[in-house]
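Asks:
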Amino acid sequence: MRPLRIGVIGSGRAAPEEAGLAHAVGAALARAGAIVVCGGLGGVMRAAADGASSEGGIAVGILPGGDPHAAADGVAIPIPTGLGEARNVVVARASEAVVAIAGEWGTLSEAAFCRKFGIPVIGLASSLPEDVVDETAEDAAAAAARALELAQSRRSVDE
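The C-terminal residue of the sequence shown carries number 328 in the numbering used here, and the numbering is unbroken.
As structure tokens, then:
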């Protein structure tokens, strides 16, 4: 069976607390054997990829530009799209559940695509409107665990 793919979305410029949460989520997902999907650049994306990498996990970065070398260091698999902000739909489609940390307009668009596609969104220190997230989590471990559980439930229904 293929590993679950869990997206971690959030601000490209993260405050230290937000980066710490993203790192912890990425690490927890990697320990559970999941692949971390992110936008591949800075802030929350970088921290989640670094967290996954620190635990020997894999982070996939769906990059807005065409240069794979633009990816954050923790991204094991950079996917240059050349799509600019439109790559947000690819981040959503590539994920079976998503953890949203902080965030601005780009994060809101990713979460909106997730909602449209039926992909669960777990908010963690999220600035997204309440009706955009399916659930909120109190800490990184709970967010990762719930995202994994919801992704597995979706997969079981799809099979």
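Each residue gets a CB set at the ideal place from its N, CA and C atoms; glycine is no exception.
1) How would you call Gly202, buried or exposed, if buried means at least 16 neighbouring beta carbons within 10 angstroms?
2) Closest to Met170 by C-alpha separation, out of Ile204, Ala261 and Gly209, would be which residue?
3) Bridge partners for Gly230 per DSSP, in chain order?
4) Spatial neighbours of Ala197 within its chain, please: CB distance less than 7 Å, with the 5 preceding and 5 following residues excluded, ordered by chain position.
5) Taking the Cβ atom as the reference point for each residue, do Gly208 and Ser222 lie within a distance shorter than 8 Å?
6) Just tell me which of Ser295, Glu265, Phe282 and Ala280 has its CA closest to the CA of Ser322.
7) Check whether the Cβ of Glu318 lies closer than 8 Å to any Cβ atom in chain D.
8) Classify Leu293 as helix, strand or coil using the three-state DSSP reduction.
9) If contact is defined by three or more beta carbon pairs under 8 Å, each pair taking one atom from either stretch, is the segment 242–262 in contact with the segment 212–221?
10) Give me the residue from Pro247, Ala184, Asp236 and Gly195 with the minimum Cα distance to Pro225.
11) Quick one: using the 10 Å Cβ neighbour count with 16 as the cut-off for buried, is Ser325 buried or exposed?
12) Bridge partners of Arg174, per DSSP?
13) Per DSSP, what kind of secondary structure is Gly179 in: helix, strand or coil?
14) Can you check whether the CB of Ala294 is closer than 8 Å to the CB of Ala210?
15) Starting from Val259, follow the alpha helix (DSSP H) in both directions and report where the run begins and ends.
Replies: Reading from the atomic positions:
1) Label assigned to Gly202: exposed.
2) Its Cα nearest to that of Met170, the residue Ile204 stands out among Ile204, Ala261 and Gly209.
3) Paired residue(s): Cys207 and Pro247.
4) Cβ within range, chain order: Ala309, Ala310 and Ala313.
5) Gly208 is not a Cβ neighbour of Ser222, given a cutoff of 8 Å.
6) Closest by alpha carbon: Glu265.
7) Among the protein chains of the structure shown there is no chain D, as only one such chain exists.
8) In this structure, Leu293 counts as strand in the three-state DSSP scheme.
9) Touching, per the Cβ criterion.
10) Checking the sequence shown, residue 225 turns out to be Gly, not Pro. Closest option to Gly225, Cα to Cα, is Gly195.
11) Ser325 is exposed by the Cβ-count criterion.
12) BP columns for Arg174 point to Ile204.
13) It is a strand residue.
14) Here the sequence assigns Leu to residue 210, which means Ala is not the residue at that position. Contact: no.
15) From DSSP, the alpha helix (DSSP H) with Val259 extends over Arg256 to Arg262.
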